[in-house]
Structures are given as structure tokens and as C-alpha cells.
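Protein chains: 2
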Amino acid sequence: MSLQDSQSQSLQDTSKSANCTAMSDVLNRIGDKWSVMVVGILGQNGTLRFNELKRMINGVSQRMLTLTLRNLERDGLVTRTIYPEVPPRVEYQLTELGKTLQKPITALWDWSSANHGSIMDARSIYDARSEALAASEPRKVAYVRG
Amino acid sequence: MSLQDSQSQSLQDTSKSANCTAMSDVLNRIGDKWSVMVVGILGQNGTLRFNELKRMINGVSQRMLTLTLRNLERDGLVTRTIYPEVPPRVEYQLTELGKTLQKPITALWDWSSANHGSIMDARSIYDARSEALAASEPRKVAYVRG
DNA sequence: CGGTATCCATTTGGATACTG
DNA sequence: CAGTATCCAAATGGATACCG
Chain A
168 MSLQDSQSQS LQDTSKSANC TAMSDVLNRI GDKWSVMVVG ILGQNGTLRF NELKRMINGV
228 SQRMLTLTLR NLERDGLVTR TIYPEVPPRV EYQLTELGKT LQKPITALWD WSSANHGSIM
288 DARSIYDARS EALAASEPRK VAYVRG
Chain B
168 MSLQDSQSQS LQDTSKSANC TAMSDVLNRI GDKWSVMVVG ILGQNGTLRF NELKRMINGV
228 SQRMLTLTLR NLERDGLVTR TIYPEVPPRV EYQLTELGKT LQKPITALWD WSSANHGSIM
288 DARSIYDARS EALAASEPRK VAYVRG
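Just so you know, the protein sequences line up as chains A and B, in that order.
With the first letter of the first sequence counted as 1, position 41 gets the number 208 in our numbering; the numbers rise by one all the way through.
With the first letter of the second sequence counted as 1, position 119 gets the number 286 in our numbering; the numbers rise by one all the way through.
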């Protein structure tokens, strides 16, 4: 145990699958981009209505936002409060559990914006190299075939 | 700018979509569970061969591990080293960029294992409540219809 | 406003078989 | 060992229409 004091406790013995299972399970829910977006934005803004969220999350469809919010609510990460008014008003905010997710999500978010450029660059280099290889391939194939 | 000193720089003005795009783009790649697994496990173990990774990542198929590793390599997060031996040996490790991802990934991993139980509990409660509502629904429907 | 319901195209990913 | 290739079922998710 002392060996891992500075390491992630949960990253030990991943082969035992117990932690991998927990991680899988959690990632299946909160690992998709819409969930990350919702938690990130709710964490930043406190309380938001459905259409406010929709406007702030670039490209999300009504269907996906609804599904995402239901799942987050089911997992105890978000509260949904309905105000019986006309027109209806529904407000969403992070639960206490949801707020604890804010920190790791924000870390990931910051990493993303900080390293997006590096990733795009790496992709360009990789793709250029792949194309160069593909361009040299036909000759070999032609030789083999003909 | 001074208002957000202690906040996530990237979480501002999400409605401008620029950061949302970066986040989306990064999450589409590194946000799936296999990528998180690979980065987490490679970060913990340093260097691993293909089948070592496969054994440590519970439930991954050969196909998915291959695809995941190719994408991580393309994004500059993982290096792939081929040793021209028989039988072939291929070793994977994190790049410097990949190592910077380790920290946020580990944070998420730790959060997952720490809160998996709470999430499962929340789901049980939510589902029980949903079933109760579903059970009371038929009467209303019957009344409306008949 | 804040959904639900339905349809349908695309994507995802497991299983299986084959290869250098 | 470390893949690649193919097939196919299931999940994902957008578009659209309708509802309280």
C-alpha cells in the first residue's frame, strides 16, 4: 500500500477488473461529451433552464439534451425542479455529488482547450505520413499483381 | 479576466462555441472509455505490449484496442514502437503530451471509484420512484379513456 | 417552454476468420 | 504476437411532428 501512496489508489490491480468495472460503468454515463458539457456548464453557472442549457451547449439536439439530463438526474448528479407555471419553467442544477465531479471535469476541460492545438498538429503530421505511405503502396501492389 | 482567476479559463463564454468545439473535438477522441482506460493504464505501467494492454483492460476486443491505440497515436498521445523480431513485438507508451493527460484522467478515475457506489444508489432510488409512478399511471389512463 | 414519440441513417463494436 | 478484413446486430443520435 505504501508504494502507491502518491499514485492513484484505483489504478492498482486493474486486471482484477473491479476498478475497471466501476470506471467503465461511470464512464459509460458521464464519459460522453454531452454529459461533460452539462456538468461543466451547470458547474459554472449554478442554475439553468432547459433552453438556456440548449443554447449554451453548441450543437446539442433537444432529444440528446433531454436524455443527458435524465441520466444525470438518475445518477444523482443533477436536480430537476419543475415550477408549475404557464409557460412551464424547469431548472437544473448540480447536486452535491455533481459538484464534486466539477473539479475533475474542469481539469479535463482545461486540458482540452490547452492541448487542442497540439492534437490537431499531431493529426496533420500523422495523416500526411499515412498519405505518403498510401501513395507509395500502389507501386508495390502493381508489382505483386503484374 | 480577473473575475475568473480561480475559475476554469475555458469555461467562460461557452456560448461562443469556440471552447465547446475544442472540448467536443477532444472528447470525441479521448472521451470514450477505451481511450481513458489505455491512457490510465499506460500512465501507470509505463510501457506495455499489445496483449498486455488487452489483458489489463477488461472486456476490450482486439479490434477496439487496435482502433483506440491508432487514434491515440494519431493524436500524439501514444507512441508505437515495432521491434522487427519473430514473433513481432510492439510496445506502447505515453508521449509527453499523453503524460500530461494522465493527471486529469487519474482524477476522473479516482472520482469514479470513489463515487460509483453513490451513483448506483441514486439509480436504485430513481428507478424505484419511476416504477412507482408507472404503476400509478394506468389508472389515470383508464379514467381518461373510459 | 419543455418536453415525448417516432422514424430512420449512421456509427459503433463484437464475433469470426485470416495473415505476416 | 499483433494485427487486418469482413460481416452484421445493436446502439446512437438527428430530424420531425406533436403535446400539456
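All C-beta atoms in this analysis are idealised placements derived from N, C-alpha and C, irrespective of residue type, glycine included.
The structure presented is a predicted model; accordingly, all values stated were derived computationally and were not measured.
Is it right to say L300 of chain B is buried, meaning 16 or more other beta carbons lie within 10 angstroms of its own, or is it exposed? Against the second sequence, residue 300 of chain B aligns to sequence position 133. Under this definition L300 of chain B is an exposed residue.
So what does DSSP say about L194 of chain B, is it helix, strand or coil? Residue 194 of chain B sits at position 27 when you count from the first residue of the second sequence. DSSP places L194 of chain B in helix when its eight states are reduced to three.
Rounded to the nearest angstrom, how far is the Cβ of G243 of chain A from that of S297 of chain B, given a contact under 8 Å? The sequence position of residue 243 of chain A within the first sequence is 76, counting from 1. The sequence position of residue 297 of chain B within the second sequence is 130, counting from 1. That pair is no contact at about 14 Å.
Classify I205 of chain B as buried or exposed, calling it buried when 16 or more other Cβ atoms lie within 10 Å of its own Cβ. Taking the second sequence and counting its residues from 1, one reaches residue 205 of chain B at position 38. Note that residue 205 of chain B is Val in the sequence shown, not Ile. Under this definition V205 of chain B is a buried residue.
With A189 of chain A and H283 of chain B assumed to form a contact (beta carbons below 8 Å), what rounded beta-carbon distance in angstroms separates them? Along the first sequence, one-based indexing puts residue 189 of chain A at 22. Along the second sequence, one-based indexing puts residue 283 of chain B at 116. The pair is a contact, with the Cβ atoms about 4 Å apart (cut-off 8 Å).
Compile a chain-ordered list of the residues in the stretch 225-240 of chain B whose CB is closer than 8 Å to at least one CB of chain A. N225, G226, E240
Between the CA atoms of G207 of chain B and L234 of chain A - distance to the nearest angstrom: The residue you call residue 234 of chain A lines up with position 67 of the first sequence. The residue you call residue 207 of chain B lines up with position 40 of the second sequence. Annotation: L234 of chain A to G207 of chain B spans about 28 Å, alpha carbon to alpha carbon.
Leaving out five residues on either side along the sequence, give the residues of the same chain with a beta carbon under 7 Å from the beta carbon of M223 of chain A. As a position in the first sequence, residue 223 of chain A is number 56, starting the count at 1. The answer, listed in chain order, is I208.
Secondary structure of E252 of chain A, DSSP reduced to three states: Here residue 252 of chain A is taken as the residue at index 85 of the first sequence, counted from 1. Coil.
Residues of chain A with a CB under 9 Å from the CB of A299 of chain B: which are they? For the purposes of this step, residue 299 of chain B is taken as residue 132 along the second sequence, with counting starting at 1. The premise fails here: A299 of chain B is roughly 15 Å from chain A at the closest Cβ pair, so nothing lies under 9 Å.
How many Å lie between G265 of chain A and I197 of chain A at the Cα? Sequence index remark: in the first sequence, residue 265 of chain A carries index 98 (1-based). Sequence index remark: in the first sequence, residue 197 of chain A carries index 30 (1-based). The straight-line gap from Cα to Cα measures roughly 11 Å.
Looking only at DSSP bridge pairs, what is R230 of chain A linked to? Taking the first sequence and counting its residues from 1, the one referred to as residue 230 of chain A is at position 63. According to DSSP, which records beta bridges pairwise, R230 of chain A is partnered with nothing at all.
Return the bridge partner residues of Q260 of chain A from the DSSP annotation. For this step, residue 260 of chain A is matched to residue 93 along the first sequence. Partner(s): A:T214, A:T246.
State yes or no: is the beta carbon of R290 of chain A nearer than 8 Å to at least one beta carbon in chain B? If you number the first sequence from 1, residue 290 of chain A lands on position 123. Answer yes: the Cβ-Cβ gap between R290 of chain A and chain B drops below 8 Å somewhere.
Neighbourhood of T246 of chain B by C-beta distance below 6 Å, restricted to the same chain and skipping five residues each side: Reading the second sequence from its first residue, position 79 is the one you call residue 246 of chain B. Result list for T246 of chain B: Q260, T262, in chain order.
Against chain B, with Cβ distances strictly below 8 Å, would P251 of chain A count as a contact? Looking up residue 251 of chain A in the first sequence gives position 84. Closer than 8 Å: no.
As assigned by DSSP and simplified to three states, the class of I224 of chain B: Translated into the one-based positions of the second sequence, residue 224 of chain B becomes position 57. The answer is coil: DSSP assigns I224 of chain B none of H, G, I, E or B.
I'd like to check one pair, R241 of chain A with R290 of chain B: are the Cβ atoms closer than 8 Å? For this step, residue 290 of chain B is matched to residue 123 along the second sequence. For this step, residue 241 of chain A is matched to residue 74 along the first sequence. A distance below 8 Å separates the beta carbons of R290 of chain B and R241 of chain A.
Exposed unless 16 or more other CB atoms sit within 10 angstroms - verdict on C187 of chain A: In the first sequence, the residue the question calls residue 187 of chain A occupies position 20. Buried, since its Cβ has 16 or more Cβ neighbours within 10 Å.
Using only the alpha-carbon positions, how far apart do L220 of chain A and K200 of chain A sit? As a first step, residue 220 of chain A must be located in the first sequence, where it is residue number 53. As a first step, residue 200 of chain A must be located in the first sequence, where it is residue number 33. Their backbone Cα atoms lie some 14 Å apart in a straight line.
Given that a residue counts as buried once 16 or more other Cβ atoms are within 10 Å of its Cβ, and exposed if not, what is V253 of chain A? Looking up residue 253 of chain A in the first sequence gives position 86. With fewer than 16 other Cβ atoms inside 10 Å of its own Cβ, V253 of chain A counts as exposed.
Go ahead and pull the three-state DSSP assignment for C187 of chain B. One-based indexing of the second sequence puts residue 187 of chain B at position 20. Correct three-state label for C187 of chain B: helix.
Against Y259 of chain A, what residues of chain B qualify as contacts under a CB-to-CB distance less than 8 Å, listed in chain order? For this step, residue 259 of chain A is matched to residue 92 along the first sequence. Simply none; closest approach about 15 Å.
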